[in-house]
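Listed in order, the protein sequences are those of chains A and B.
Heads up, the first sequence is in our numbering, so the first residue is 50 and it goes up one at a time.
Heads up, the second sequence is in our numbering, so the first residue is 50 and it goes up one at a time.
2 protein chains.
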Amino acid sequence: MAEDVVRAFGFLSLGTRMKRIGERLQADTQKIIDEMGVEIAASQYPLLAAVERLGPLAVGDLADALGVSQPGVTRSIAQLVDLGVLRAEPAPDDQRRKFVSLTAQGQRLVDEAKEAIWPRIEAAVADLCGKLDGPLLDQLAAIEDGLTALPLNRREPKP
Amino acid sequence: MAEDVVRAFGFLSLGTRMKRIGERLQADTQKIIDEMGVEIAASQYPLLAAVERLGPLAVGDLADALGVSQPGVTRSIAQLVDLGVLRAEPAPDDQRRKFVSLTAQGQRLVDEAKEAIWPRIEAAVADLCGKLDGPLLDQLAAIEDGLTALPLNRREPKP
DNA sequence: CGACGTTATATAACGCGTTATATAAATCGG
DNA sequence: CCGATTTATATAACGCGTTATATAACGTCG
Numbered sequence: 050m051a052e053d054v055v056r057a058f059g060f061l062s063l064g065t066r067m068k069r070i071g072e073r074l075q076a077d078t079q080k081i082i083d084e085m086g087v088e089i090a091a092s093q094y095p096l097l098a099a100v101e102r103l104g105p106l107a108v109g110d111l112a113d114a115l116g117v118s119q120p121g122v123t124r125s126i127a128q129l130v131d132l133g134v135l136r137a138e139p140a141p142d143d144q145r146r147k148f149v150s151l152t153a154q155g156q157r158l159v160d161e162a163k164e165a166i167w168p169r170i171e172a173a174v175a176d177l178c179g180k181l182d183g184p185l186l187d188q189l190a191a192i193e194d195g196l197t198a199l200p201l202n203r204r205e206p207k208p
Numbered sequence: 050m051a052e053d054v055v056r057a058f059g060f061l062s063l064g065t066r067m068k069r070i071g072e073r074l075q076a077d078t079q080k081i082i083d084e085m086g087v088e089i090a091a092s093q094y095p096l097l098a099a100v101e102r103l104g105p106l107a108v109g110d111l112a113d114a115l116g117v118s119q120p121g122v123t124r125s126i127a128q129l130v131d132l133g134v135l136r137a138e139p140a141p142d143d144q145r146r147k148f149v150s151l152t153a154q155g156q157r158l159v160d161e162a163k164e165a166i167w168p169r170i171e172a173a174v175a176d177l178c179g180k181l182d183g184p185l186l187d188q189l190a191a192i193e194d195g196l197t198a199l200p201l202n203r204r205e206p207k208p
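This is how it looks when you write it as structure tokens:
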């Protein structure tokens, strides 16, 4: 088995490594969602959660709240509007702005997620790294090893 | 200023957040490399470093060493071969396998990087998160705040 | 030895992020 | 009040990761 170069390089490849871990966590999270029979991509939940938490919001404000670029959220919104979970309507006073809100179906989806999915994900991630402490690189190694030993979707199944 | 939803959700959106931080680190790293007038993308360095560290290696072994998929490294290799820094030649005994090695130009590039670029990056990242300790989410918050306060390319300029 | 399964790499299609730029609406200044 | 600038969103093109599948070479077995 070849050496894990990205890990071996420590701080030098920290960006690559964090991105890699993030993708792995997202992939495992997607598995949990799939197992629960929901049709929404894991990556869309932050957007739905932001709309629910902050109320109807313009595209640019959503981009700020999510920390991603405006074209990125514009595209995600378009997909979720197509799926019928989001609605986008121009602001009455300023036709440039578009306010995004949950449809009834979207609200149901979020309610379900809050009830059944998010607690499960949060518990699994907390199980993986809630107890961690110490230097960053050690924690990252523990996360990678922990995921290899037992992926997120095998952790803390709903009691 | 809108609330940072991904941060607020804690473990629930940890994957999204780590990916986001990784991308930000990579982007800052790219700035450092650009400032030093080198024409290689930051994302290619792990591949070059792996080839240098582990010697001539087959495509699949490189994928293992880097923790990415085989098609991913196949594509990166193709680009670096086009740039003239890598060479790929079929193994004499097994024509399916392709061994990847540094060209003279590639070796020069790596030597330069080891001399001037990697130490600078490592110092900047160490400055950002070498002292961190404690729970993971606190460290991530410190990293994000630290990058906002002073991006990597402003840290520890070469003495 | 030839067919068949296996293994290594290549290609295709897609996801989701980015930057750069286009378009349309609002605002500002003469 | 109209032209110029600014602001908000949309679109296009690309980067770099993925999975699924095609192709070619190897090994094995009847």
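Heads up, the beta-carbon is just placed ideally off N, CA and C, and yes, glycines get one too.
Since the structure is predicted, the reported quantities are computational estimates derived from the model, not experimental observations.
C-beta atoms of residue i and residue j nearer than 8 Å
| i | j | result |
| --- | --- | --- |
| A:PHE60 | B:ALA162 | no |
| B:ARG73 | B:LEU196 | yes |
| A:VAL108 | A:LYS147 | yes |
| B:LEU132 | B:LEU151 | no |
| A:GLY155 | A:LEU97 | yes |
| B:ILE89 | B:LEU158 | yes |
| B:VAL149 | B:ILE170 | no |
| A:ALA137 | A:VAL122 | no |
| A:ALA99 | B:VAL117 | no |
| B:GLU52 | A:LEU181 | no |
| B:LEU177 | B:ARG66 | no |
The alpha helix (DSSP H) enclosing residue i, as first and last residue numbers
| i | result |
| --- | --- |
| B:SER118 | First-last for B:SER118: undefined, no H or E at that position. |
| A:PRO200 | Unbroken run through A:PRO200: none, as it is neither H nor E. |
| A:GLU171 | 167-178 |
| A:GLN75 | 63-84 |
| A:ALA57 | 54-57 |
Continuous beta strand (DSSP E) stretch holding residue i: start and end
| i | result |
| --- | --- |
| B:ARG146 | From DSSP, B:ARG146 is part of no beta strand (DSSP E); its letter is neither H nor E. |
Top-ranked residue by Cα proximity to residue i, from the options
| i | options | result |
| --- | --- | --- |
| B:ARG56 | B:PRO168, B:GLU193, B:GLU101 and B:ARG203 | B:GLU193 |
| B:ALA76 | A:LYS68, A:GLN75 and A:ASP77 | A:LYS68 |
| B:ALA153 | B:PRO139, B:ALA165 and B:LEU129 | B:LEU129 |
| A:LEU63 | B:ASP143, B:ALA172, B:ARG124 and B:ALA165 | B:ALA172 |
| B:GLU164 | B:MET85, B:ARG204, B:ARG124 and B:LEU177 | B:MET85 |
| B:VAL87 | B:GLN119, B:ARG203, B:TRP167 and B:PRO120 | B:TRP167 |
| A:ASP160 | A:ASP142, A:TYR94, A:ALA140 and A:ASP110 | A:TYR94 |
| B:ARG124 | B:ASP143, B:SER92, B:PRO139 and B:GLU101 | B:SER92 |
| B:PRO58 | A:ASP110, A:ALA114, A:ILE82 and A:LEU106 | A small fix is needed here, since residue 58 of chain B is Phe in this sequence, not Pro. Minimum Cα distance to B:PHE58 is reached at A:ALA114. |
DSSP beta-bridge partners of residue i
| i | result |
| --- | --- |
| A:PRO139 | A:LYS147 |
| B:LEU106 | B:VAL149 |
Contact test: residue i Cβ vs the ligand GTP heavy atom, cutoff 7 Å
| i | result |
| --- | --- |
| A:ARG136 | Because no ligand of any kind appears in the structure shown, any question about the ligand GTP cannot be addressed here. |
Residues, ordered as in the chain, of the segment 95-115 of chain A that lie near chain B by beta-carbon distance below 7 Å: Within the segment 95-115 of chain A, the residues whose Cβ lies closer than 7 Å to some Cβ of chain B are PRO95, ALA98, ALA99, ARG102, LEU103, ASP110, ASP113, ALA114 and LEU115, listed in chain order.
Contacting positions in the segment 60-74 of chain B - beta carbon closer than 9 Å to chain A: Listed by position along the chain: PHE60, LEU61, SER62, LEU63, GLY64, THR65, ARG66, MET67, LYS68, ARG69, ILE70, GLY71, GLU72, ARG73 and LEU74.
Got a sec: which bits of the segment 162-186 of chain B sit with their beta carbon under 8 Å from any beta carbon on chain A, in order along the chain? Contacts with chain A (Cβ-Cβ distance below 8 Å) from the segment 162-186 of chain B involve TRP167, ILE170, GLU171, VAL174, ALA175, CYS178, GLY179, LEU181, ASP182, GLY183, PRO184 and LEU185, listed in chain order.
Of all the residues that make up the segment 76-91 of chain A, which are near chain B by a beta-carbon distance shorter than 7 Å? Contacts with chain B (Cβ-Cβ distance below 7 Å) from the segment 76-91 of chain A involve THR78, listed in chain order.
Where the segment 122-154 of chain A meets chain B: residues whose CB sits under 8 Å from a CB there: From the segment 122-154 of chain A, no residue has a Cβ closer than 8 Å to chain B.
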